[in-house]
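Note sheet for the following structure.
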């Protein structure tokens, strides 16, 4: 099978995510917080958190809610995963801020 897109992997991930959102009955803020919890459990890289920053902001998720999720899952996933996630979230936010600043400068 051939694809006409130059970004077939990103296109596939976007389609999977859209399908999941459309099939899920959770309100968007709860969906995002659930996904963040899953990212922590998997020790996901910063880019995975970065992909959730825009939807989190659009759905009204606050930093306090993200912290509450980290506190809630810490006994389950462990300290190492939570500390790693905190660093990855900070790195993802830093990247998002840098991109936004460069767009403002342009």
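Numbering (the working numbering), first residue to last: 31 to 136. Just so you know, even glycine gets a beta-carbon here, dropped at the ideal spot from N, CA and C.
### For residue 77, the nearest candidate out of 95, 43, 53 and 50 (CA to CA)
What you label residue 77 is simply residue 47 of the chain shown in a count that begins at 1. Checking every option, the nearest Cα to that of residue 77 belongs to 43.
### Task
Go through its chain and collect everything with a Cβ distance to residue 116's Cβ below 8 angstroms, but skip five positions before and after it.
Walking along the chain shown from the start, residue 116 turns up at place 86. So the list reads 100, once near-sequence residues are dropped.
### Message
If contact is defined by three or more beta carbon pairs under 8 angstroms, each pair taking one atom from either stretch, is the stretch 90–100 in contact with the stretch 45–54?
### Response
no
### Uninterrupted alpha helix (DSSP H) stretches inside the stretch 52–83 (no shorter than 4 residues)
58–71
### Query
What are the boundary residues of the alpha helix (DSSP H) that includes residue 131?
Numbered from its first residue, the chain shown carries residue 131 at position 101. That run of the alpha helix (DSSP H) goes 109–135.
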